[in-house]
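Numbering (our numbering), first residue to last: 726 to 881.
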């Protein structure tokens with residue numbers, strides 16, 4: 726599948742959610758972001774310059790920032806959760822974890838696009854809540870930014 730065919734499938738899927746794909750488009754062609762099933766979901770259709778005829782379909786959802794404490798237990802838990810996931814996985818990049826799916830777009834159809842969006846969004850929303858609860862207190866509270874010129878203490 727080429728870029729146009731793959732993006733047409735993505736936009737058909739987004740329209741099926743009763744969302745205007747034009748409102749979800751990212752900065753670059755082949756990017757969309759939306760909130761679905763309570764999760765932030767990013768969709769990308771892309772290729773690599775060294776292989777311009779091979780296109781990829783990717784769906785990602787930010788799960789959680791890496792915790793400040795209990796990192797080993799947290800990562801062990803993510804590995805165990807990964808074993809239960811179908812058609813997606815949890816990965817770590819820099820200081821964040823994500824629920825993700827990536828494949829070549831060749832042979833992609835609307836049913837797989839729809840199912841992928843459903844799975845990634847569901848797993849992200851579901852495990853975000855479960856992991857926050859299980860590892861409560863593992864994240865050091867971040868200071869609340871104050872408005873410039875404000876004299877109020879943001880952390881009373």
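Cβ atoms here follow ideal geometry from the backbone N, Cα and C, with glycine treated the same way.
In angstroms with no decimal places, state the Cα-to-Cα distance between residue i and residue j.
i	j	result
residue 730	residue 858	41 angstroms
residue 860	residue 790	12 angstroms
residue 856	residue 728	36 angstroms
residue 826	residue 793	26 angstroms
residue 862	residue 766	26 angstroms
residue 778	residue 867	44 angstroms
residue 745	residue 782	20 angstroms
residue 810	residue 817	16 angstroms
residue 801	residue 763	25 angstroms
residue 775	residue 837	27 angstroms
residue 757	residue 738	12 angstroms
Tell me whether residue i is buried or exposed, calling it buried when 16 or more other Cβ atoms sit within 10 Å of its Cβ.
i	result
residue 853	buried
residue 880	Residue placement at residue 880 is flagged as unreliable, the pLDDT there being 45, under the threshold of 50; a coordinate-derived value is accordingly withheld.
residue 821	exposed
residue 760	exposed
residue 755	buried
residue 740	exposed
residue 841	buried
residue 846	buried
residue 735	buried
Of the residues the options, which one's Cα is nearest the Cα of residue i?
i	options	result
residue 812	765, 777, 848 and 754	848
residue 732	801, 765, 806 and 771	771
residue 795	871, 865 and 869	865
residue 830	784, 843 and 765	784
residue 752	768, 741, 739 and 846	768
residue 832	780, 758, 737 and 736	780
residue 742	839, 867 and 869	839
residue 844	835, 747 and 824	824
Is residue i helix, strand or coil when you go by DSSP?
i	result
residue 744	coil
residue 786	strand
residue 737	helix
residue 855	helix
residue 764	strand
residue 841	helix
residue 865	coil
residue 775	coil
residue 834	coil
residue 810	coil
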